[in-house]
Structures are given as structure tokens and as C-alpha cells.
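J.: First the structure, which I've put down as C-alpha cells, then a few questions once you've had a look.
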Amino acid sequence: MTAREERQRLVTLIEEAHTGGARLAVACREAGVTLRTLQRWRDPEAGIRADGRPDAVHPKPVNALSEQERADIVEVANTPQYAALPPAQIVPRLADAGRYLASESSFHRVHVRLDKPTTAAGPRHRRTVASRPRM
Numbered sequence: 001m002t003a004r005e006e007r008q009r010l011v012t013l014i015e016e017a018h019t020g021g022a023r024l025a026v027a028c029r030e031a032g033v034t035l036r037t038l039q040r041w042r043d044p045e046a047g048i049r050a051d052g053r054p055d056a057v058h059p060k061p062v063n064a065l066s067e068q069e070r071a072d073i074v075e076v077a078n079t080p081q082y083a084a085l086p087p088a089q090i091v092p093r094l095a096d097a098g099r100y101l102a103s104e105s106s107f108h109r110v111h112v113r114l115d116k117p118t119t120a121a122g123p124r125h126r127r128t129v130a131s132r133p134r135m
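For the sequence shown, the positions run 1 to 135 when our numbering is used.
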């Protein structure tokens, strides 16, 4: 993110170079911004626009799991029957029993948020590979 003051300074420098005879695209490239970024920063009514991303509203997706659905996933995953199984095995077993709670990836996301390992052995660590002897 570029602060409003920094944006103003860059736009001023680019405009000075442009009025001095430089092409706008070249001046932007030298300033380290794209021509499209400069166009986005400029506001015909208010001068230079402030960065709107910090204040942006991010609505919850309509297909997001509800708290009740998350609680159901946690409850099922913590039963003795499924406690030692990863989501890749829990979901098919529930489907065989005619019960669908969520997708495998949703099960995994709920497990990760709870800091619960997805396998009984816990996370796998990368094994070291033997290197050839140095001569």
C-alpha cells in the first residue's frame, strides 16, 4: 500500500516529467508505478484518491459454514470413532452412512482453525535426503 502523501509526491514527480516532455508511460515506469495505477490514483474531483483497501467492507460469503455446522463438524470429528482419522477418511465414511456435514476441504479448514492435526501421527516433517560424499 502506498500512503496518500507518497502517492501525491509520485504523481507530482510524474506530472513534472510529463510537462517537461517525457512520455507519461516512461515517467510512470521510472517512478515504479504502472500507467494504470496512475490513472486509478487520480480523481478528477478530489485530486489523489486515498487507498480504500483498509476501510473496505468484506461481507461474509453466503455459502460459508454457520457456527452450528462448524460445531457439528467438531462434534463428529471428536467422537472416538473418527478422532484418529483425517478428513479424507471421515467424509467418505459419513457419506457411506448417509450423512453429509461438509466437504473434505471444509473439514480440513475447521481442523486447522482448531489446531487439531489432520492425521493421528500429526503433521509430517520433511525427511532429509542423503547427499553424495564429498571428495
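From the three backbone atoms N, C-alpha and C, an ideal C-beta is built for every residue, glycine too.
Measure how close the beta-carbons of Ile-48 and Gln-89 come, nearest whole angstrom, since I'm counting them as under 8 Å.
T.: For the purposes of this step, residue 48 is identified with residue 48 of the sequence shown, where counting begins at 1. For the purposes of this step, residue 89 is identified with residue 89 of the sequence shown, where counting begins at 1. The pair is not a contact, with the Cβ atoms about 55 Å apart (cut-off 8 Å).
J.: Name the DSSP bridge partner or partners of Arg-127?
T.: Numbered from its first residue, the sequence shown carries residue 127 at position 127. For Arg-127, which the question treats as bridged, DSSP gives no partner whatsoever.
J.: Give the straight-line distance between the Cα atoms of Val-26 and Asp-72, rounded to the nearest whole angstrom.
T.: Here residue 26 refers to the residue found at position 26 of the sequence shown. Here residue 72 refers to the residue found at position 72 of the sequence shown. Their Cα atoms are separated by approximately 58 Å.
J.: Under three-state DSSP, which class holds Asp-43?
T.: The residue you call residue 43 lines up with position 43 of the sequence shown. Asp-43: strand per DSSP, three-state reduction.
J.: Between Pro-44, Val-11, Ala-97, which has its C-alpha nearest Glu-30's C-alpha?
T.: Reading the sequence shown from its first residue, position 30 is the one you call residue 30. Among Pro-44, Val-11, Ala-97, the Cα nearest to that of Glu-30 belongs to Val-11.
J.: Within the 9 Å Cβ cut-off, does His-108 reach chain C?
T.: Of the protein chains in the structure, only one exists, and it is not chain C.
J.: Just the Cα atoms here: how many angstroms apart are Glu-67 and Arg-53?
T.: For this step, residue 67 is matched to residue 67 along the sequence shown. For this step, residue 53 is matched to residue 53 along the sequence shown. The alpha-carbon atoms of Glu-67 and Arg-53 are separated by roughly 27 Å.
J.: Can you tell me which of Thr-19, Gly-21, Leu-38, Ala-17 puts its alpha carbon nearest to the alpha carbon of Arg-4?
T.: Position 4 of the sequence shown, counting from 1, holds the residue named residue 4. Minimum Cα distance to Arg-4 is reached at Leu-38.
J.: Distance check for Thr-2 and Arg-109, CA to CA, integer angstroms please.
T.: The residue given as residue 109 occupies position 109 in the sequence shown. The residue given as residue 2 occupies position 2 in the sequence shown. About 33 Å.
J.: Is Ala-102 near Glu-69, with beta carbons less than 9 Å apart?
T.: Your numbering for residue 102 matches position 102 in the sequence shown. Your numbering for residue 69 matches position 69 in the sequence shown. It is a contact, given that the beta carbons lie within the stated cut-off.
J.: Alpha carbon to alpha carbon, how far is Ala-64 from Asp-55? Give it in angstroms, no decimals.
T.: Against the sequence shown, residue 55 aligns to sequence position 55. Against the sequence shown, residue 64 aligns to sequence position 64. One C-alpha to the other measures close to 22 Å.
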